[in-house]
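Using this note's numbering, you'd call the opening residue of the sequence shown number 115 and step up by one each time.
Note that CB positions come from ideal geometry on N, CA and C, so glycine has one too.
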Amino acid sequence: MNSDSARKSVNKGKNGEREFIRTVYRLTNGAVELRRNLRQCRDGGDDLGGAGLFSFEIKRWARVSDALVRDWWTQAQRNARKQRKTPVLAYRADHQGWKVAMHPNYYFDEQDIRGCMTMDVELFCRFLLDPKWVQEHGQKT
115 MNSDSARKSV NKGKNGEREF IRTVYRLTNG AVELRRNLRQ CRDGGDDLGG
165 AGLFSFEIKR WARVSDALVR DWWTQAQRNA RKQRKTPVLA YRADHQGWKV
215 AMHPNYYFDE QDIRGCMTMD VELFCRFLLD PKWVQEHGQK T
């Protein structure tokens, strides 16, 4: 990858993170304020801060394939495991809406992407705002 395409890729990633943050903020009427983790490249870990028990991996690509989602899920898990958080993968392809993948950890091994629930960002925001879930998991929004 040459330096121009690498720079475009990094910028698309940053813009994707900012777009996801704005979308969550808007859909939760400001109740959930995520922020970019500016040390992520140096220190590793979450793409976003302010997420409580969640470790976010945010991906913004032109096209999304099942193979990419599997790779991204592995990355999300690795980052979450280091911090003892719940992995969340949010991704969007060009001309598509945001999708969010989480693993319920009930019946399937978390490493198996096939056991994940995938939902749109609006449904995920409703989940974030559910008082019952917040009470049970100590999520502070």
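In this structure, what does DSSP give as the bridge partners for residue 235? Bridge partners of residue 235: none, in fact.
Pick from 183, 211, 210 and 209 that is closest to residue 202, judged by C-alpha positions: With distances taken between Cα atoms, residue 202 lies closest to 183.
Just the C-alpha distance for residue 230 and residue 117, rounded to the nearest angstrom, thanks. Each residue's CA atom was taken as its position, placing residue 230 and residue 117 some 35 Å apart.
For a test of the three-state rule: what should DSSP assign to residue 196, helix, strand or coil? In the structure shown, residue 196 adopts helical secondary structure according to DSSP, grouped into three states.
For residue 191, count neighbouring C-beta atoms within 10 Å of its own C-beta (all shown protein chains included) and say buried if the count is 16 or more, exposed if not. Buried, since its Cβ has 16 or more Cβ neighbours within 10 Å.
By a C-beta neighbour count over all protein chains shown, 10 Å radius and 16 as the cutoff for buried, is residue 194 buried or exposed? Buried: at least 16 other Cβ atoms inside 10 Å.
Using DSSP with H/G/I as helix, E/B as strand and the rest coil, what is residue 204? Looking at residue 204 - three-state DSSP - the assignment turns out to be strand.
List the DSSP bridge partners of residue 175. Here residue 175 is bridged, per DSSP, to 207.
Quick check on this structure: which residue in 125, 128, 129 and 148 has the alpha carbon closest to the alpha carbon of residue 239? Looking at the Cα atoms, 148 is the closest of the given residues.
Environment of residue 168 [buried if 16+ CB atoms lie within 10 Å]: That one is buried.
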